[in-house]
Amino acid sequence: LVVSRGAEDADAGLTAQERRVRDADILEAKLKRVMAEGPGAGRGHDIQGSQAGAGSGEFHKYRAARLKERARLDAMEKEEEAREAEEAFAKRKAEREAAC
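Here's what the structure looks like:
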């Protein structure tokens, strides 16, 4: 606790116990204010920037992973289309054979 010279003059009439009580009250008021504001009060959440933990190479890794995932999804879609086409062909073939 920083005490100015003027505060020392005001402390002259106080007992040690009274000074401790006054200092405790001041510290408690400061603590309540700090607790009410909370850590990072007034700051946004989920901030992205150069200090957010991502280096300059992270974008390239992200882009490569995104392209790899897109290729995987495209391959799955093509496999599904091929399977559906094969099932449709087998169904038409069975219908023609049944008609004969």
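Using this note's numbering, the first residue of the sequence shown is number 3, and each one after it goes up by one. C-beta atoms are modelled at their ideal positions from N, C-alpha and C, and glycine is treated no differently.
Where does LEU33 sit, in a helix, a strand or coil, going by DSSP?
Three-state result, LEU33: helix.
Apart from the five residues just before and just after ARG21, which ones in its own chain have a Cβ nearer than 8 Å to its Cβ?
So the qualifying residues of the chain are ASP13.
Just to confirm the assignment, what range does the alpha helix (DSSP H) spanning ALA66 have?
Looking at the DSSP string, the run of the alpha helix (DSSP H) that includes ALA66 is 60-101.
State the DSSP-derived secondary structure class of ALA18, mapped to helix, strand or coil.
The answer is helix: DSSP assigns ALA18 an H, G or I state.
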